[in-house]
């Protein structure tokens, strides 16, 4: 069985979220990306407490693609230090996991 994961990142606008989601899926780094938002984020950044509006991307992919996905997010994200958090999918329906595999195969040419 191939390992599957869900990767989270946040962006400052719906437009950036849509552009990033489209580029990730176009490159076959994920089978799909959901854009959730707006959400309210409260966090520390460079010594200041921030309270901002963001959009969260929920990215469905395989373990084998994480390094390329991380590079892609860093290269196409407006934040200096973007959130990139991966959570392993321990279980899922056979059909759904097969869909992730099928839609991300073209990227594994290396």
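In our numbering, the protein residues as written are -18 to 91. Backbone N, C-alpha and C define an ideal beta-carbon position, used for all residues, glycine too.
Given this structure, state the Cα-to-Cα distance separating residue i from residue j, to the nearest angstrom.
i: residue 90; j: residue 30; result: Confidence at residue 90 is low in this model, with a pLDDT of 46, below 50, so the placement of that residue should be treated as unreliable; the coordinate-derived value is given next. In a straight line, the C-alpha of residue 90 is about 44 angstroms away from that of residue 30.
i: residue -8; j: residue 37; result: 6 angstroms
i: residue 14; j: residue 55; result: 16 angstroms
i: residue 85; j: residue -3; result: 22 angstroms
i: residue 22; j: residue 64; result: 12 angstroms
i: residue 58; j: residue 75; result: 32 angstroms
i: residue 61; j: residue 35; result: 15 angstroms
i: residue 39; j: residue 28; result: 28 angstroms
i: residue 25; j: residue 3; result: 29 angstroms
i: residue 18; j: residue 48; result: 26 angstroms
i: residue 66; j: residue 83; result: 23 angstroms
Would residue i and residue j be called neighbours here (beta carbons separated by less than 8 angstroms)?
i: residue 78; j: residue 5; result: no
My understanding is that residue i touches residue j, with C-beta atoms under 8 angstroms, so please give their C-beta distance in whole angstroms.
i: residue 42; j: residue -1; result: Their Cβ separation, rounded to whole angstroms, is 18 angstroms, which puts residue 42 and residue -1 out of contact at 8 angstroms.
i: residue 8; j: residue 53; result: 6 angstroms
If contact is defined by three or more beta carbon pairs under 8 angstroms, each pair taking one atom from either stretch, is the stretch 67 to 82 in contact with the stretch -18 to 2? Taking 8 angstroms as the limit for Cβ pairs, the verdict is that the stretch 67 to 82 does touch the stretch -18 to 2.
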